[in-house]
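Here's the structure we're looking at; comments come further down.
In the working numbering, the protein residues as written are 760 to 1057.
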(Lines of atoms letter the chains of each structure in order from A and count residues from 1; the text may use other names and numbers.)
(Lines give C-alpha, C1' and ligand atoms only; values in the text may rest on other atoms or scores of the structure.)
Protein backbone atom coordinates (compact mmCIF):
# COMPACT_ATOMS: atom_id res chain seq x y z
CA UNK A 1 0.00 0.00 0.00
CA UNK A 2 1.08 3.57 -0.69
CA UNK A 3 -0.52 6.53 1.05
CA UNK A 4 -2.23 9.22 -0.99
CA UNK A 5 0.30 11.79 0.23
CA UNK A 6 3.08 9.67 -1.25
CA UNK A 7 1.15 9.32 -4.46
CA UNK A 8 0.63 13.10 -4.59
CA UNK A 9 4.39 13.62 -4.57
CA UNK A 10 4.68 11.74 -7.86
CA UNK A 11 2.96 14.57 -9.71
CA UNK A 12 4.39 18.09 -9.60
CA UNK A 13 1.26 19.72 -10.94
CA UNK A 14 -1.54 17.49 -9.72
CA UNK A 15 -2.68 14.68 -7.47
CA UNK A 16 -3.41 11.07 -8.22
CA UNK A 17 -5.89 8.61 -6.73
CA UNK A 18 -5.79 4.93 -7.59
CA UNK A 19 -8.51 2.56 -6.44
CA UNK A 20 -11.17 0.06 -7.32
CA UNK A 21 -14.82 1.06 -7.00
CA UNK A 22 -17.94 -0.75 -5.85
CA UNK A 23 -20.23 2.21 -6.49
CA UNK A 24 -23.71 1.62 -7.84
CA UNK A 25 -23.73 2.16 -11.59
CA UNK A 26 -26.41 4.83 -12.01
CA UNK A 27 -25.38 5.73 -15.54
CA UNK A 28 -25.03 3.70 -18.73
CA UNK A 29 -21.43 3.03 -19.63
CA UNK A 30 -19.47 1.76 -22.59
CA UNK A 31 -18.55 -1.90 -22.65
CA UNK A 32 -14.93 -0.70 -22.55
CA UNK A 33 -15.42 0.62 -19.00
CA UNK A 34 -14.71 -2.28 -16.60
CA UNK A 35 -16.58 -0.85 -13.59
CA UNK A 36 -18.57 2.26 -12.67
CA UNK A 37 -16.41 5.33 -12.87
CA UNK A 38 -15.47 6.85 -9.51
CA UNK A 39 -17.42 9.83 -8.26
CA UNK A 40 -15.73 13.11 -7.49
CA UNK A 41 -16.14 12.44 -3.78
CA UNK A 42 -14.51 9.02 -4.11
CA UNK A 43 -11.60 10.57 -5.98
CA UNK A 44 -11.04 13.30 -3.41
CA UNK A 45 -11.29 10.87 -0.48
CA UNK A 46 -9.23 7.98 -1.86
CA UNK A 47 -6.80 6.99 0.88
CA UNK A 48 -4.85 4.03 -0.42
CA UNK A 49 -3.35 2.54 -3.54
CA UNK A 50 -3.63 -1.17 -4.25
CA UNK A 51 -2.18 -3.23 -7.09
CA UNK A 52 -5.70 -4.56 -7.70
CA UNK A 53 -7.14 -1.13 -8.50
CA UNK A 54 -8.95 -0.52 -11.77
CA UNK A 55 -8.56 3.21 -12.29
CA UNK A 56 -6.02 5.92 -11.77
CA UNK A 57 -7.28 9.50 -11.59
CA UNK A 58 -4.94 12.41 -12.11
CA UNK A 59 -6.61 15.52 -10.77
CA UNK A 60 -6.03 18.99 -9.40
CA UNK A 61 -5.88 22.65 -10.33
CA UNK A 62 -2.59 22.15 -12.16
CA UNK A 63 -3.73 19.18 -14.25
CA UNK A 64 -4.30 19.98 -17.92
CA UNK A 65 -6.95 17.98 -19.76
CA UNK A 66 -4.76 18.17 -22.85
CA UNK A 67 -2.79 15.24 -21.40
CA UNK A 68 -5.87 13.05 -21.70
CA UNK A 69 -6.65 14.42 -25.15
CA UNK A 70 -3.12 13.53 -26.22
CA UNK A 71 -3.58 9.93 -25.07
CA UNK A 72 -6.90 9.66 -26.88
CA UNK A 73 -5.28 10.96 -30.06
CA UNK A 74 -2.29 8.62 -29.83
CA UNK A 75 -4.47 5.62 -29.09
CA UNK A 76 -6.72 6.35 -32.08
CA UNK A 77 -4.11 7.40 -34.63
CA UNK A 78 -1.09 5.19 -33.86
CA UNK A 79 -0.12 1.79 -32.50
CA UNK A 80 1.74 3.31 -29.57
CA UNK A 81 0.49 1.64 -26.36
CA UNK A 82 -0.95 4.19 -23.92
CA UNK A 83 -3.33 3.91 -20.96
CA UNK A 84 -7.00 3.90 -21.92
CA UNK A 85 -8.73 7.17 -20.99
CA UNK A 86 -12.24 6.74 -19.58
CA UNK A 87 -13.21 10.32 -18.71
CA UNK A 88 -11.99 13.91 -18.95
CA UNK A 89 -13.84 16.65 -17.11
CA UNK A 90 -13.57 19.85 -15.10
CA UNK A 91 -15.29 21.19 -12.01
CA UNK A 92 -15.34 24.96 -12.59
CA UNK A 93 -16.67 25.63 -9.10
CA UNK A 94 -13.43 24.45 -7.50
CA UNK A 95 -11.16 24.90 -10.53
CA UNK A 96 -10.01 21.28 -10.74
CA UNK A 97 -9.54 19.02 -13.74
CA UNK A 98 -9.89 15.23 -13.73
CA UNK A 99 -8.40 12.56 -16.00
CA UNK A 100 -9.78 9.07 -15.29
CA UNK A 101 -7.64 6.44 -16.94
CA UNK A 102 -6.65 2.80 -16.89
CA UNK A 103 -4.43 1.76 -14.01
CA UNK A 104 -1.30 0.11 -15.39
CA UNK A 105 -0.13 -2.33 -12.70
CA UNK A 106 3.43 -2.72 -13.93
CA UNK A 107 6.97 -1.68 -13.06
CA UNK A 108 8.70 1.28 -14.65
CA UNK A 109 11.47 0.62 -17.14
CA UNK A 110 13.72 2.81 -14.99
CA UNK A 111 13.33 0.40 -12.07
CA UNK A 112 13.87 -2.72 -14.19
CA UNK A 113 16.54 -1.45 -16.57
CA UNK A 114 19.59 -2.63 -14.63
CA UNK A 115 18.18 -6.17 -14.31
CA UNK A 116 17.40 -6.64 -18.01
CA UNK A 117 19.55 -8.76 -20.29
CA UNK A 118 21.11 -7.26 -23.38
CA UNK A 119 18.58 -9.09 -25.55
CA UNK A 120 15.69 -7.74 -23.48
CA UNK A 121 17.01 -4.20 -23.81
CA UNK A 122 17.37 -4.68 -27.55
CA UNK A 123 13.77 -5.90 -27.76
CA UNK A 124 12.39 -2.94 -25.82
CA UNK A 125 14.42 -0.39 -27.76
CA UNK A 126 13.32 -1.95 -31.06
CA UNK A 127 9.69 -1.53 -30.02
CA UNK A 128 10.28 2.08 -29.03
CA UNK A 129 11.97 2.70 -32.38
CA UNK A 130 8.99 1.26 -34.23
CA UNK A 131 6.65 3.50 -32.25
CA UNK A 132 8.85 6.49 -33.06
CA UNK A 133 8.44 5.87 -36.78
CA UNK A 134 4.65 6.07 -36.45
CA UNK A 135 4.92 9.71 -35.40
CA UNK A 136 5.40 10.75 -39.00
CA UNK A 137 2.03 9.25 -39.95
CA UNK A 138 0.23 11.64 -37.59
CA UNK A 139 2.14 14.68 -38.81
CA UNK A 140 2.53 14.44 -42.57
CA UNK A 141 -0.05 17.18 -43.21
CA UNK A 142 0.60 19.21 -40.07
CA UNK A 143 2.33 22.56 -40.47
CA UNK A 144 1.87 24.40 -37.17
CA UNK A 145 3.92 23.89 -34.00
CA UNK A 146 1.29 23.66 -31.25
CA UNK A 147 -0.41 21.47 -28.67
CA UNK A 148 -3.24 19.17 -29.69
CA UNK A 149 -5.89 21.69 -28.59
CA UNK A 150 -4.36 24.24 -30.98
CA UNK A 151 -3.32 26.40 -28.05
CA UNK A 152 0.00 27.25 -26.41
CA UNK A 153 2.86 24.76 -26.24
CA UNK A 154 3.14 23.04 -22.87
CA UNK A 155 6.88 22.46 -22.72
CA UNK A 156 8.36 24.45 -19.84
CA UNK A 157 10.69 26.39 -22.10
CA UNK A 158 7.66 28.35 -23.37
CA UNK A 159 6.07 28.93 -19.96
CA UNK A 160 5.09 32.45 -18.94
CA UNK A 161 2.82 33.45 -16.07
CA UNK A 162 0.55 35.29 -18.46
CA UNK A 163 -0.01 34.50 -22.12
CA UNK A 164 2.64 36.05 -24.35
CA UNK A 165 1.69 35.53 -27.99
CA UNK A 166 5.25 35.90 -29.24
CA UNK A 167 6.58 33.29 -26.79
CA UNK A 168 3.96 30.59 -26.30
CA UNK A 169 1.37 30.78 -29.06
CA UNK A 170 1.20 28.23 -31.89
CA UNK A 171 3.92 28.90 -34.47
CA UNK A 172 3.40 28.68 -38.21
CA UNK A 173 7.12 28.48 -39.06
CA UNK A 174 10.26 27.09 -37.48
CA UNK A 175 11.69 30.61 -37.65
CA UNK A 176 8.86 31.87 -35.43
CA UNK A 177 9.56 29.08 -32.95
CA UNK A 178 13.24 30.03 -32.91
CA UNK A 179 12.38 33.66 -32.25
CA UNK A 180 10.09 32.64 -29.39
CA UNK A 181 12.93 30.74 -27.69
CA UNK A 182 15.30 33.65 -28.22
CA UNK A 183 12.95 36.26 -26.84
CA UNK A 184 11.94 34.14 -23.86
CA UNK A 185 15.40 35.13 -22.62
CA UNK A 186 14.21 38.74 -22.19
CA UNK A 187 10.95 37.80 -20.49
CA UNK A 188 12.30 38.32 -16.97
CA UNK A 189 13.82 41.70 -17.83
CA UNK A 190 17.20 40.26 -18.75
CA UNK A 191 19.38 42.15 -21.26
CA UNK A 192 18.27 41.69 -24.85
CA UNK A 193 21.80 41.33 -26.22
CA UNK A 194 21.91 37.58 -25.70
CA UNK A 195 18.46 37.24 -27.22
CA UNK A 196 19.81 39.11 -30.23
CA UNK A 197 22.71 36.65 -30.34
CA UNK A 198 20.29 33.71 -30.30
CA UNK A 199 18.30 35.35 -33.09
CA UNK A 200 21.51 35.36 -35.12
CA UNK A 201 22.50 31.75 -34.37
CA UNK A 202 19.34 29.67 -34.04
CA UNK A 203 18.22 29.97 -37.69
CA UNK A 204 21.46 28.21 -38.68
CA UNK A 205 20.89 25.33 -36.24
CA UNK A 206 17.13 24.88 -36.09
CA UNK A 207 16.08 24.91 -39.74
CA UNK A 208 14.54 22.56 -42.26
CA UNK A 209 12.92 20.20 -39.74
CA UNK A 210 9.53 18.67 -40.41
CA UNK A 211 6.93 18.61 -37.66
CA UNK A 212 6.30 15.42 -35.69
CA UNK A 213 3.80 14.56 -32.99
CA UNK A 214 6.13 14.43 -30.00
CA UNK A 215 5.82 12.81 -26.57
CA UNK A 216 8.13 15.40 -25.05
CA UNK A 217 9.44 13.46 -22.06
CA UNK A 218 11.03 10.24 -23.32
CA UNK A 219 12.52 8.93 -20.06
CA UNK A 220 12.51 5.33 -18.92
CA UNK A 221 10.58 6.35 -15.80
CA UNK A 222 7.62 7.08 -18.12
CA UNK A 223 7.59 3.59 -19.66
CA UNK A 224 5.82 0.74 -17.89
CA UNK A 225 6.94 -2.86 -18.42
CA UNK A 226 5.15 -6.16 -18.00
CA UNK A 227 6.41 -9.60 -18.96
CA UNK A 228 4.17 -11.91 -20.97
CA UNK A 229 4.40 -15.36 -19.29
CA UNK A 230 2.95 -17.09 -22.35
CA UNK A 231 5.81 -15.87 -24.56
CA UNK A 232 8.81 -16.57 -22.33
CA UNK A 233 11.87 -18.43 -23.58
CA UNK A 234 14.57 -20.20 -21.62
CA UNK A 235 16.81 -17.12 -21.67
CA UNK A 236 14.58 -14.09 -22.10
CA UNK A 237 11.15 -12.73 -21.28
CA UNK A 238 8.83 -11.10 -23.80
CA UNK A 239 8.27 -7.64 -22.39
CA UNK A 240 5.25 -5.48 -23.20
CA UNK A 241 5.38 -1.72 -22.76
CA UNK A 242 2.96 1.14 -22.10
CA UNK A 243 4.02 4.78 -22.39
CA UNK A 244 2.82 7.29 -19.79
CA UNK A 245 3.00 11.03 -19.13
CA UNK A 246 1.72 12.75 -22.26
CA UNK A 247 1.16 16.16 -20.65
CA UNK A 248 3.82 17.99 -22.70
CA UNK A 249 3.02 16.38 -26.03
CA UNK A 250 2.24 18.22 -29.22
CA UNK A 251 3.54 18.99 -32.70
CA UNK A 252 7.19 20.02 -32.53
CA UNK A 253 10.13 20.01 -34.95
CA UNK A 254 11.55 16.53 -35.52
CA UNK A 255 14.64 17.21 -33.39
CA UNK A 256 12.60 17.90 -30.25
CA UNK A 257 12.05 14.33 -29.03
CA UNK A 258 15.70 13.30 -29.23
CA UNK A 259 16.97 16.54 -27.73
CA UNK A 260 14.63 16.44 -24.74
CA UNK A 261 15.43 12.77 -24.13
CA UNK A 262 19.14 13.66 -23.91
CA UNK A 263 18.53 16.80 -21.84
CA UNK A 264 16.67 14.70 -19.24
CA UNK A 265 19.48 12.18 -18.73
CA UNK A 266 20.92 11.75 -15.22
CA UNK A 267 23.64 9.35 -16.46
CA UNK A 268 23.13 7.00 -13.52
CA UNK A 269 22.84 4.04 -15.92
CA UNK A 270 23.45 3.26 -19.61
CA UNK A 271 19.95 4.27 -20.79
CA UNK A 272 21.41 7.27 -22.60
CA UNK A 273 23.58 5.03 -24.76
CA UNK A 274 20.49 3.34 -26.20
CA UNK A 275 18.63 6.50 -27.22
CA UNK A 276 20.26 6.56 -30.66
CA UNK A 277 18.68 3.17 -31.37
CA UNK A 278 15.15 4.39 -30.72
CA UNK A 279 15.16 8.03 -31.88
CA UNK A 280 16.63 9.87 -34.85
CA UNK A 281 19.85 11.66 -33.88
CA UNK A 282 20.18 15.44 -33.86
CA UNK A 283 23.65 15.97 -32.43
CA UNK A 284 24.09 19.66 -33.28
CA UNK A 285 20.61 20.59 -32.15
CA UNK A 286 20.82 18.89 -28.76
CA UNK A 287 23.73 21.02 -27.55
CA UNK A 288 21.94 24.25 -28.38
CA UNK A 289 18.59 23.18 -26.97
CA UNK A 290 20.21 22.04 -23.74
CA UNK A 291 21.81 25.47 -23.32
CA UNK A 292 18.48 27.16 -23.97
CA UNK A 293 16.63 24.96 -21.49
CA UNK A 294 19.20 25.58 -18.77
CA UNK A 295 18.95 29.33 -19.27
CA UNK A 296 15.22 29.62 -19.83
CA UNK A 297 13.79 27.17 -17.33
CA UNK A 298 16.20 25.81 -14.71
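From the three backbone atoms N, C-alpha and C, an ideal C-beta is built for every residue, glycine too.
| query | result |
| --- | --- |
| Report yes if the C-beta distance between residue 926 and residue 1047 is below 8 Å; otherwise report no. | no |
| Using a Cβ distance threshold of 8 Å, determine whether the stretch 958-978 contacts the stretch 1003-1019, with at least three qualifying pairs required. | yes |
| Tell me the start and end of each unbroken alpha helix (DSSP H) in the stretch 990-1054 that is at least 4 residues and wholly inside, in chain order. | 1015-1022 and 1034-1037 |
| Between the alpha carbons of residue 999 and residue 942, how many angstroms are there, rounded? | 43 Å |
| Less than 8 Å between the beta carbons of residue 983 and residue 961, yes or no? | no |
| For residue 923, which of helix, strand or coil comes out of DSSP? | coil |
| How many angstroms separate the CA atom of residue 826 from the CA atom of residue 839? | 15 Å |
| What number of angstroms, rounded off, separates the C-alpha of residue 863 from the C-alpha of residue 980? | 13 Å |
| Exposed or buried, residue 865, counting other C-beta atoms within 10 Å across all chains shown (16 or more means buried)? | buried |
| Would you mind working out which of 799, 968 and 1042 sits nearest residue 857, comparing C-alpha positions? | 799 |
| Measuring alpha carbon to alpha carbon, tell me which of 1012, 986 and 918 ends up nearest residue 932. | 1012 |
| Can you name the start and end residues of the alpha helix (DSSP H) that residue 967 belongs to? | Note, residue 967: premise wrong, no alpha helix (DSSP H); not H, not E. |
| DSSP beta-bridge partners for residue 846? | 859 |
| Which word fits residue 894, buried or exposed, when buried means at least 16 other C-beta atoms lie within 10 angstroms of its C-beta? | buried |
| What residue range is occupied by the uninterrupted alpha helix (DSSP H) comprising residue 938? | 933-943 |
| Which residues bound the beta strand (DSSP E) around residue 819? | 814-819 |
| Is residue 985 helix, strand or coil by DSSP? | strand |
| Taking 8 Å as the cut-off, does the stretch 1014-1025 touch the stretch 870-890 (at least 3 CB pairs, one atom from each stretch)? | no |
| Going by alpha carbons, who is nearest to residue 860 out of 886, 876 and 791? | 791 |
| Any beta-carbon of chain C closer than 8 Å to the one on residue 1012? | Going by chain labels, chain C is absent from the structure shown, which holds only one protein chain. |
| Okay, do the stretch 1027-1037 and the stretch 875-885 touch, 3+ Cβ pairs below 8 Å being the bar? | yes |
| Checking the sheet assignment: what are the DSSP bridge partners for residue 866? | 984 |
| Which two residues bound the contiguous alpha helix (DSSP H) that contains residue 796? | Careful: residue 796 lies outside any alpha helix (DSSP H) and carries neither H nor E. |
| Residue range of the alpha helix (DSSP H) that residue 892 falls in? | 877-892 |
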